[in-house]
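S.K.: Every letter in the sequence shown is one number past the one before it in my numbering, and letter 114, counting from 1, is 651. Here a beta-carbon is modelled for each residue, glycine too, at the ideal position from N, C-alpha and C.
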Amino acid sequence: MDRARIVLKPKEDLRLRAGHPWVYDNEIARVEGEPGPGAEVEVFDARLIPVGSAFWNPNSKIRARLYSRAFRAADEAFFVEAFERALAWRRRFFDPERQSLRLVFGEADGLPGLIIDSFVGRALPLDGGGAAEGRWVSAQFLSLGMEMRKDRVLAALESVFPAAGVAERSDAPVRRFEGLPTRVGVMKGEVPRRVAIEENGLSFAIDLLGGQKTGWFLDQRTNRKAAAKFASGRRVLDAFCNQGGFGLTCAANGADSVLAVDASAEAVIAVSHNAAQNGLQDRVRAVEANAFDFLRELERAKERFGLIVLDPPAFAKNRASVEGAHRGYKDLNLRALKLLEPGGILVTCSCSHWFSRERFAAMLEEAARDAGCRLRLVEERTQDLDHPIVSGYDEARYLKCLIVEAGERL
Ligand code: SAH
C-alpha cells in the first residue's frame, strides 16, 4: 500500500514519543504524497525515524492523529486488537457483561476520536409489555478518521463485544473542528427508547438517543457513591443533577430529603421518574431552573443544606475561556458554601480538562475565603477507571471532584 509520509519539524516528535497522539498543522515540515481526507499516513520525525501511523485530516488544526506506533493499517483486525485491550483493562475493575461502562475512551485507549459506552439493562417498552434484558451501545465518532471507518468499528465491536443495538451520538460540538456534521440515529440493530440500567444498587432509566452526551454520565459512578456516604440524616441539594445520579444515590443512603435542580426539562422529568422507580419519590423533589439563579433564591430564603453537590457542565471549553470559567466556578462554589450548615459537606466537580486541578483548588480557596469558613479536605477524586488517565496525554484527565467539609467561621 502506498501511503503518504508526513515529516515533522525538528523536536516535534518529542511530545508524540511521550504518548501524545496529535500532530498540529504547524508541526509538519513536509508532506510526501497526496493524502486524501481521513487517509492513513506514515509519520516520521525530522531525522526520518518512524513515529507511527495516523489519520490525516487536512481540514483540522489537528492535522494527524496517531492510532499506532507502528506502520500498520487501521483495518478490522486493528480495531479488534484495540477493543480487546480496552476490554481487558475494564475487566480488571468491572464486570462488563453485567455493568454499564465506557468501553472506549478515545485517545486514552489508543483510538483517537472514538467513544463507546456500553449499557447493560432492561429495554423499557412503551406498551408496558415484557422488558428484554440486553446490552446496547452508544457511540461517538469525533474525528474524520473514525467517521470514515465506521463499518470496521462496528464489525470489530460485533466480534469482541456484541450489542443488541448501536446508537450513534455524533452530536458533540467538537465534530465541527473536524469539518463533520452532527448525526444521531440507530447504526445497527435496535435501540429501545429507554434502557433501565443499574448503578450503585439503583435503577436509572436512560435515553441513549435523546439524553445528553451518550445518555448517562458514567464517569461519576464512584463519586456518586462517595458523596452518598455523607448523606445520612442530611438535607441534600443536587445542583446540575441531570437525571439525578448524585441526588438519588444520596436519597437511597439515608438523606432526609433531596432537592435536585437542572436547567433541562427532560432531565428533571427523568429525576422524578427515577425517584419513583426506586421508591424514593417521598424524599426527592426535582426543579427545572438555572442553578445560578436557584442558588441565589435559596440564599435569599435562608435555606440551609447538610450536603451540596455541584456538577456543572464544562465552563472552560478551551484555554481562552479559563478566566471566565474561574469566575463561574467561584460564584457557584461561594453560593454553595453560604448555603451549607456548619459541618456541612460540599461535593464540587469540574469536568473541564482546561480547568486544571491546581486552578480548581485555588478557586475553592478563594470561595472559602470569601465565605469566611475553613474547609477540610475529605476526598480528592477524579473520573472512574473506565475513563483511563494515561501518561503523555494530559487531556485524558478531565474530571475533578473534591469533597470538603465546611468548618468553623473565620
Ligand atoms: N450530576 C449529573 C451530571 C451533570 S451534567 C450526573 O450525576 O449525572 C451537567 C448538567 O447541568 C446537565 O444536566 C445540564 O442540563 C445542566 N445545566 C447546564 N447549565 C445549567 C444551568 N445554568 N443551571 C442548571 N443546570 C444546568
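Once you ignore the five residues that flank GLY589 on each side, which residues in its own chain have a CB closer than 6 Å to its CB?
M.R.: VAL580, LEU603, SER605 and ARG606
S.K.: Is the stretch 833-848 touching the stretch 868-887 in the sense that three or more CB pairs, one from each, lie closer than 8 Å?
M.R.: yes
S.K.: Any contact of the stretch 742-754 with the stretch 771-791, i.e. 3+ C-beta pairs under 8 Å?
M.R.: yes
S.K.: Using CA coordinates, which residue listed in GLN636, SER680 and ALA555 is at the minimum distance from LYS598?
M.R.: SER680
S.K.: My understanding is that ARG627 touches LEU648, with C-beta atoms under 8 Å, so please give their C-beta distance in whole angstroms.
M.R.: Not a contact, Cβ separation roughly 14 Å.
S.K.: On a Cα-Cα basis, can you pick out the residue from THR759, GLY658 and ARG712 that is closest to ILE940?
M.R.: THR759
S.K.: Identify the residues that DSSP records as bridge partners of ARG672: which are they?
M.R.: VAL657
S.K.: Would you call the CB atoms of GLU836 and ARG872 closer than 8 Å?
M.R.: Against a cut-off of 8 Å, the Cβ pair of ARG872 and GLU836 comes out as a contact.
S.K.: Who are the Cβ neighbours of ALA904 in its own chain at under 7 Å, not counting the five residues just before and after it?
M.R.: Answer for ALA904: LYS867, ASN870, LEU871 and LEU874, listed in chain order.
S.K.: Does GLU684 come out as helix, strand or coil in the three-state DSSP assignment?
M.R.: Here GLU684 sits in helix by DSSP.
S.K.: For PRO849, collect the residues of the same chain with a Cβ closer than 6 Å to its Cβ; drop the 5 residues on either side in sequence, then sort them by chain order.
M.R.: Excluding its 5 nearest sequence neighbours in each direction, PRO849 has C-beta neighbours in its own chain below 6 Å: PHE777, listed in chain order.
S.K.: Can you find the residues in the same chain that come closer than 8 Å, C-beta to C-beta, to ALA583, ignoring five residues on each side of it along the sequence?
M.R.: VAL544, LEU545, LYS546, PRO547, LYS548, GLU549, ASP550 and ALA566
S.K.: Buried or exposed: which applies to ILE480, given that a residue is buried once 16 or more other Cβ atoms fall within 10 Å of its Cβ?
M.R.: Since the first residue of the chain shown is 538 and the last is 947, residue 480 is not available in this structure.
S.K.: Between SER928 and the rest of its own chain, which residues show a CB-CB distance below 8 Å, the 5 nearest in sequence each way excluded?
M.R.: The answer, listed in chain order, is ALA555 and GLY556.
S.K.: Among the candidates PHE767, ARG542 and ALA601, whose CA atom is the shortest distance from the CA of ILE942?
M.R.: It should be noted that the sequence gives Glu, not Ile, for residue 942. Closest by alpha carbon: PHE767.
S.K.: Smallest Cα separation from GLU762: which of ASP907, GLU571, GLU916 and GLU932?
M.R.: The residue asked about is misnamed: residue 762 is Lys in this sequence, not Glu. Nearest option by C-alpha distance: GLU916.
S.K.: Looking at PRO710 and the ligand SAH, is the gap between the Cβ and the nearest heavy atom below 7 Å?
M.R.: no
S.K.: Mind checking which residues open and close the alpha helix (DSSP H) that includes SER809?
M.R.: 802-814
S.K.: Return the residue from the list ALA898, PHE892 and GLU878 that minimises the CA-CA distance to GLU860.
M.R.: PHE892
S.K.: Could you tell me which residues DSSP pairs with THR885 in its beta bridges?
M.R.: LEU847 and LEU939
S.K.: Can you find a heavy atom of the ligand SAH that lies under 7 Å from the Cβ of ALA828?
M.R.: yes
S.K.: Please say whether VAL732 and PHE656 have beta carbons closer to each other than 8 Å?
M.R.: If you check the CB distance, PHE656 and VAL732 come in under 8 Å.
S.K.: Should HIS924 and ASP756 be called a contact, given that it needs their Cβ atoms to be closer than 8 Å?
M.R.: yes
S.K.: For the putative contact between LEU876 and ARG906, defined by C-beta atoms under 8 Å, what is the C-beta separation to the nearest angstrom?
M.R.: In fact, because the Cβ distance is near 17 Å, the residues do not count as touching under 8 Å.
S.K.: Starting from GLY861, trace the alpha helix (DSSP H) in both directions and tell me its first and last residue.
M.R.: 859-876
S.K.: Compute the minimum distance between the beta carbon of ASP654 and the heavy atoms of the ligand SAH, and state whether it is under 7 Å.
M.R.: no
S.K.: So, using beta-carbon positions, are VAL824 and VAL798 closer together than 8 Å?
M.R.: yes
S.K.: Is the beta carbon of GLY782 within less than 7 Å of some heavy atom of the ligand SAH?
M.R.: yes
S.K.: For ASP646, does the three-state DSSP call read helix, strand or coil?
M.R.: helix
S.K.: Which ranges does the beta strand (DSSP E) cover as unbroken runs of at least 3 residues, wholly within the stretch 895-928, from first to last along the chain?
M.R.: 910-918
S.K.: Is it buried or exposed, PRO558, if we count other Cβ atoms within 10 angstroms and call 16 or more buried?
M.R.: buried
S.K.: Spatial neighbours of ASP708 within its chain, please: C-beta separation below 6 Å, excluding the five flanking residues on both sides.
M.R.: THR719 and VAL721
S.K.: What residue range does the alpha helix (DSSP H) around LYS762 cover?
M.R.: 758-765
S.K.: Can GLN677 be considered in contact with the ligand SAH, in the sense that its beta carbon sits closer than 7 Å to one or more heavy atoms?
M.R.: no
S.K.: Which ranges would you report for the beta strand (DSSP E) in the stretch 703-747 if only whole runs of at least 3 residues count?
M.R.: 720-726, 731-736 and 739-743
S.K.: At a cut-off of 7 Å, is SER605 close to the ligand SAH when judged by its beta-carbon and the heavy atoms of the ligand?
M.R.: no
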